[in-house]
Amino acid sequence: MKALPQFEAKWQKAWEKARIFEADRDEKRKKFFVTFPYSYANGPLHVGHAFTAARVDAFARFKRMQGFNVLFPWAWHWTGQTIAGASERIKAGDPDFIKALREIDRVPATELHKFIDPEYMAQYYTRENRTTVNAAGFSIDWRREFNTTTPAFSQFVEWQYRELHSKGYVTKGTHPVVWCPHCRSPTGDHDRQEGEGVSPEEYVLMKFRYNDHYLPAATFRPETIFGVTNIWMNPDAEYVEAEVDGEKWVLSKAAADKLSEQKHDIEVTSSFQGSKLIGKEATTPLTDKNVPILPARFVDAHSASGIVYSVPAHAPFDWLALKDLQKDTESQTKYGIPKNVLEKIQPISIIRTEGFDEYPAAEAIAQVGAKDQCDPKAEKATKLVYKKEFHKGVLKENCGKYAGKTVQEIKSILIKDLVDTNDAETMYDLPEPVVCRCLNPCIVKVLEEQWFLKYSDEAWKNKAKEALSNAAVYPESATQWFLATIDWLQDWPCARRSGLGTPLPWDMEWIIETLSDSTIYMAFYTINKHIKEQKISSERLTVDVFNWIFYNKGDRDEIAETSGISKAVLREMQDEFTYWYPVDMRNSAKELIPNHLTFFLFHHAALFPRIHWPKIIGANGMLMKEKKKMSKSKGNFVTFRSALEQYGADATRCALLLSAEGMDDPDWSNDGARDAMSKLESFYNLSQTISEGKFTEETSGQLEAWLVSVLQHRINRVTDSLEKLKTRTALENAFFAIWNDFRWYMRRKGRSQNRVQKEALGIWTRLLAPFAPHLCEEVWRNLGNDGFISLADWPKSDTGKVDPVAEEGETLVKSILEDSLSIIQATKTKPKEIYLYGAVDWKWDVFLEGLRLSLTIEEPSQKDLMKQLIQLMERQKGEITKGAVRFTSNVINEIIRIPKDRREWLLRVGKVDECVILEKAKRFLERELASKISIRNEGEADVYDPKNRAKFAKPHRPGIYHE
RNA sequence: GCGGGGGUUUCCGAGACUGGUCAAAGGAGCAAGGCUUAGGACCUUGUCGCGUAGGCGUUCGUGGGUUCAAGUCCCACCCCCCGCACCA
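Per my numbering: the first sequence ends with 1218, consecutive numbering throughout.
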């Protein structure tokens, strides 16, 4: 059992020694450039990486065997926040995190403390993972390896960004983000302790007037200003007076803090309890009405401005709060609100909506059964009203110039109008609390002067779509997702203030973010071999150098002079780039479709001419562990390394690739891996028997012709599937289907062996080599071959070797076997003797003529064929029996159902001499069925046929009688 | 909510674009038999129901429809998974 993994190391060494995966430019050979998105160096590779990479490697090996000069390079992603963040957590002594590193990543204690240096950590995992990649037997050219903070690579990224900038693809902008004041950086979803999926929302602050102050009441529904009856404030919360951009405002303390992060000048001048303003009056913007300020508990001072206005007709909370207050005499006296003020307040209906009457708020409250303003059901009622009114609501006559319009159509116009007249302002806030991993609460910050990749640009989008249609996408169903992503993408902030990476060349405060520095880096592989071999220092890699290499722009002599890179090396780099580019195949997990892979298209479209756009893009599912998502926190995380140690490289690769294809999620299970391992071992044992066997037969018969023939189909199937990255189908056919062919052959053949079988094993092994390369090298060697199977010729199918007669012959034997077994099963008796009856000649004539006719007529119908066949028989025989007519009618019925290519095939096969074939297979059938067999043709003299079975004989379907 | 992908026989999955060879490939599991000192090895058979003749009946999320014929085409509905951005 352990024999297989043992020779894995042996072959890996042999490959390395012979340097067979080091790919150099060779103009005489066609190249093929495959890539795998480099992994992030903050942890060990896991079996999910293994799955995707195994697909890429299988494809690379397949193409290499097809004779292409294949380049499969590898690199490491160091850019970004994550590695730095991980170091932070170690520094802080995060116990869970350290435990995971010790137990899952198996980091030795002696190394762990060094991880407080992020660079060391990245180095550690790079080293670790490189070992894993080699142990997997991936066919990598390591001379081109790099990581994304390598100075030479940074130079390359700088060149890329200067180029994008000058072409207008990078712009400056302002944007709200979820922000951690402590970390002083945006807090992405995965950086959050709490509040996943929460993003900033834009409120409108309606500027009510109170004395010489503004009282900004927050709302999502500014159109409801026409129905305002009062203002709500929380009497117990802290409010402040502040100078906001030169105006005097009253707002919650929390809001003042928030606004100061949103491009506003704020100075707080005094602070007081909300109760101070209760009972006072404020004036509405737009409509200049005086409304009272009233107390309400549902008002959250930590949300937006901490002040809201009340529209009881359309807002369930307002309706409930009003009812609550009208009943609450205690509060009325406490805050000195005269009864008549409350009595005067009448809901004002301003929106007409199908399905609602005068007061939608009240209706919704009744519908959900909300009791008061603190009832959680009030939220439900609010959503109900909002949604309906937004989509179907029309503003009534009391809405000024907006009357008669739908809410949906005037909403944004109204906001713009209000802001223009200084009746409103906008403000961002979070609908739910967000807490950073550092345990500090987050706020919304409006980042100014950020750098964006302008993915919103229509022209760029169109170019990206062109690049997409220029490439083959596998599986095809992923195309839709790409198109949707291209349409959906907005401007992408491409730089951050912290983390590892390359600074923006024209604004060094900013570091290019991880997804943005990894879009065209495959081009860097093509030249990095020379940069490393020639030890070219990064300063020499100037913009001019890259321009010359990638665009052939500028004067080589001059560039050689200024950069100090020799003319010859420059030439060599340019040649190598133009030789290897474009990327022929890039494959990743589907989660990268909406980001990395689409960015990859955008940037290639922006920076390179069409001839350098990618040719094939592949996507695959996300790996599951025993049907569940794999994660370190769930404790079901399987590292690539541990899988290799347990099952070996070949079994790991095969188990993964057999598990899924297309965008279906593959599943990793111990059973699956163990199973793959024992299957491979069986294959090895079988191969030993065959390759060590003595060949008593040199000449080949029908059975050998059959084996060779079906193998041609297998070759086609495996080849076609691999071309389309259908790795599962390919492996299934290369492994199970051919195995079944061999089983049948050996079962039919008995003990004797044939040279053809050994040749067939050679083909089989080569078809399997991209998936289980180590084992196949071993088998290949045992078969007496000298070179590496990794470099052997991929089998080509030969239509000349397809033998329909041989194939149908075996089909006949199989069907006799199956039918007889079925009869035995149904009758529950064991026959002493089996009689087989081949169809009489005239039946064959009718059958073949029927086939021929069906192929000459466009859409063969029962009637036409019948007529013609009967005429034919009349001409030949003069008269026809009733039985013949019935037979003809049945045969035609069957023929019509047979697909066209099968009909062609059967016509090519022609008349099968079933007696001869079955006679040859007689001993086999007798052995299998444990019965004497006797074979005759229908219509011959003296045929033993006591139950009249012979007349049931049809072409390809002899009659059977069990006695 | 928006966008993308799916629901097939015990399980995983092929088939669906191009309707008939489909009770539906292949693998796994399970059962029986063989081979074996033994086997998580290998070989054979069976694995929707019925059946003393190779057959018949009922199935491919649900409900309709088109057709001589539907897992495959059309319509409606139900359910599941994934993505939704300052970040890998």
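Don't be surprised by glycine CBs; every beta carbon is placed ideally from N, CA and C.
Tell me whether Gly1042 is buried or exposed, calling it buried when 16 or more other Cβ atoms sit within 10 Å of its Cβ.
Looking up residue 1042 in the first sequence gives position 787. Counting Cβ neighbours within 10 Å, Gly1042 comes out exposed, since fewer than 16 surround it.
Just tell me which of Ile533, Gly624, Thr608 has its CA closest to the CA of Lys643.
Position 388 of the first sequence holds residue 643. The shortest Cα separation from Lys643 among Ile533, Gly624, Thr608 belongs to Thr608.
Alpha helix (DSSP H) containing Pro406: first to last residue?
For the purposes of this step, residue 406 is identified with residue 151 of the first sequence, where counting begins at 1. Here the alpha helix (DSSP H) through Pro406 covers 406-421.
Per the DSSP calculation, Pro748 is bridged to which residue(s)?
Locating residue 748 in the first sequence gives position 493, where the first residue counts as 1. Answer is Phe707.
Mind checking which residues open and close the beta strand (DSSP E) that includes Pro864?
Locating residue 864 in the first sequence gives position 609, counting from the first residue. Segment: none, Pro864 is in no beta strand (DSSP E) and carries neither H nor E.
Alpha carbon to alpha carbon, what distance is there between Asp351 and Asn297?
As a first step, residue 297 is located in the first sequence; it is residue number 42 there, counting from the start. As a first step, residue 351 is located in the first sequence; it is residue number 96 there, counting from the start. One C-alpha to the other measures close to 16 Å.
What is the residue span of the beta strand (DSSP E) that Cys435 lies within?
Counting from 1 along the first sequence, the entry for residue 435 is found at position 180. Segment 425-435, the beta strand (DSSP E) holding Cys435.
Taking DSSP's pairing of strands, which residues face Pro758 in a bridge?
By 1-based counting over the first sequence, the position of residue 758 is 503. Per DSSP, Ile766.
Which value, in whole angstroms, describes the spacing of the CA atoms of Gly1005 and Lys1187?
Taking the first residue of the first sequence as 1, we reach residue 1005 at position 750. Taking the first residue of the first sequence as 1, we reach residue 1187 at position 932. About 18 Å.
So for Thr681, helix, strand or coil by DSSP?
Position 426 of the first sequence, counting from 1, holds the residue named residue 681. It is a strand residue.
Can you find the residues in the same chain that come closer than 8 Å, C-beta to C-beta, to Arg1010, ignoring five residues on each side of it along the sequence?
Looking up residue 1010 in the first sequence gives position 755. Contacts found: Phe950, Glu952, Glu953, Ser955.
Taking the Cβ atom as the reference point for each residue, do Leu856 and Ala722 lie within a distance shorter than 7 Å?
The residue labelled residue 856 in the question sits at position 601 within the first sequence. The residue labelled residue 722 in the question sits at position 467 within the first sequence. Pairing Leu856 with Ala722 gives a Cβ-Cβ distance under 7 Å.
Out of Asp1119, Ile1071, Pro1086, which has the shortest C-alpha to C-alpha gap to Gly1180?
Translated into positions along the first sequence, residue 1180 becomes position 925. Going by the sequence as given, residue 1180 is Leu instead of Gly. The option with the nearest alpha carbon to Leu1180 is Ile1071.
Tell me the residue span of the beta strand (DSSP E) that contains His1217.
Mapped onto the first sequence, residue 1217 falls at position 962. Taken as a continuous stretch (DSSP letters only), the beta strand (DSSP E) holding His1217 covers 1214-1217.
For Pro292, which of Phe463, His437, Lys845 has the nearest alpha-carbon?
The sequence position of residue 292 within the first sequence is 37, counting from 1. Per the Cα distances, Lys845.
Quick one: what's got a C-beta closer than 6 Å to Arg1212's C-beta in the same chain, skipping five residues either side?
Here residue 1212 corresponds to residue number 957 of the first sequence, with the count starting at 1. Counting only Cβ-Cβ distances below 6 Å, and skipping sequence neighbours, we find nothing.
Buried or exposed for Tyr1199, please, with buried defined as at least 16 other CB atoms from any protein chain shown within 10 angstroms of its CB.
Indexing the first sequence from 1 puts residue 1199 at position 944. It is exposed - the Cβ of Tyr1199 has fewer than 16 other Cβ atoms within 10 Å.
Using the three-state DSSP reduction, which class does Gln528 fall into: helix, strand or coil?
Within the first sequence, the letter at position 273 stands for residue 528. In this structure, Gln528 counts as strand in the three-state DSSP scheme.
What are the boundary residues of the beta strand (DSSP E) that Thr479 is part of?
As a first step, residue 479 is located in the first sequence; it is residue number 224 there, counting from the start. Looking at the DSSP string, Thr479 is not in any beta strand (DSSP E), and its letter there is neither H nor E.
Quick check on the DSSP output: the alpha helix (DSSP H) that includes Ala364 runs from which residue to which?
On the first sequence, position 109 is the one that residue 364 refers to. Unbroken alpha helix (DSSP H) run through Ala364: 364-367.
Can you have a look at Gly482 and say buried or exposed, based on whether 16 or more other CB atoms are within 10 angstroms of its CB?
Locating residue 482 in the first sequence gives position 227, where the first residue counts as 1. By the neighbour-count rule (16 or more Cβ atoms within 10 Å), Gly482 is buried.
Near Leu1162, which residues of its chain fall below 8 Å by C-beta distance, leaving aside the five closest residues on each side in sequence?
Locating residue 1162 in the first sequence gives position 907, where the first residue counts as 1. Leu1103, Leu1106, Arg1107, Leu1110, listed in sequence order.
Excluding the 5 residues flanking Val824 on each side, which residues of the same chain have their C-beta closer than 8 Å to its C-beta?
In the first sequence, residue 824 corresponds to position 569, counting from 1. Around Val824: His785, Gln789, Ile791.
How is the alpha helix (DSSP H) around Tyr375 delimited, first residue to last?
By one-based count along the first sequence, residue 375 stands at place 120. Unbroken alpha helix (DSSP H) run through Tyr375: 373-390.
Considering only residues of the same chain and omitting the five flanking positions on each side of Thr307, which have a CB-CB separation below 7 Å?
For the purposes of this step, residue 307 is taken as residue 52 along the first sequence, with counting starting at 1. If we look at Thr307 and ignore the five residues flanking it on each side, its Cβ neighbours are Phe291, Asn842, Ser843, Ala844, Asn875.
I believe His851 touches Ser773 by the beta-carbon criterion, under 8 Å. Please report the beta-carbon distance rounded to the nearest angstrom.
What you label residue 851 is simply residue 596 of the first sequence in a count that begins at 1. What you label residue 773 is simply residue 518 of the first sequence in a count that begins at 1. Right, their Cβ atoms sit about 7 Å apart.
Express the C-alpha separation of Thr817 and Ser793 in angstroms, rounding to a whole number.
Position 538 of the first sequence, counted from the first residue, corresponds to residue 793. Position 562 of the first sequence, counted from the first residue, corresponds to residue 817. Whole-angstrom Cα-Cα distance: 14 Å.
Taking Pro436 as the reference, which of Cys693, Tyr416, Val649, Ala537 has the closest Cα?
Here residue 436 is taken as the residue at index 181 of the first sequence, counted from 1. Among Cys693, Tyr416, Val649, Ala537, the Cα nearest to that of Pro436 belongs to Cys693.
Could you tell me which residues DSSP pairs with Thr984 in its beta bridges?
Working through the first sequence from its first residue, we reach residue 984 at position 729. According to DSSP, which records beta bridges pairwise, Thr984 is partnered with nothing at all.
In terms of residues, what are the limits of the beta strand (DSSP E) holding Tyr939?
Numbered from 1 along the first sequence, position 684 holds the residue referred to as residue 939. First-last for Tyr939: 925-947, but that is the alpha helix (DSSP H), not the beta strand (DSSP E).
Taking DSSP as the reference, what is the three-state secondary structure of Cys697?
On the first sequence, residue 697 is found 442 positions in, with the first residue counted as 1. In this structure, Cys697 counts as coil in the three-state DSSP scheme.
Tell me which same chain residues have a C-beta within less than 7 Å of the C-beta of Thr982, skipping the five on either side of it?
Here residue 982 corresponds to residue number 727 of the first sequence, with the count starting at 1. Result list for Thr982: Arg310, Ala313, Leu912, Glu916, in chain order.
Who are the Cβ neighbours of Ile804 in its own chain at under 8 Å, not counting the five residues just before and after it?
Residue 804 sits at position 549 when you count from the first residue of the first sequence. Cβ neighbours of Ile804 beyond the five flanking positions: Ile782, Leu825, Met828, Gln829, Phe832.
Closest to Phe1026 by C-alpha separation, out of Val362, Lys272, Gly392, Arg274, would be which residue?
Translated into the one-based positions of the first sequence, residue 1026 becomes position 771. If we check each option's Cα against that of Phe1026, Gly392 comes out closest.
Taking DSSP as the reference, what is the three-state secondary structure of Cys438?
By one-based count along the first sequence, residue 438 stands at place 183. Coil, per DSSP.
Within 8 Å, do at least three Cβ pairs link the stretch 544-559 to the stretch 704-712?
Three or more beta-carbon pairs separated by less than 8 Å are not found between the stretch 704-712 and the stretch 544-559, which leaves the two stretches without contact.
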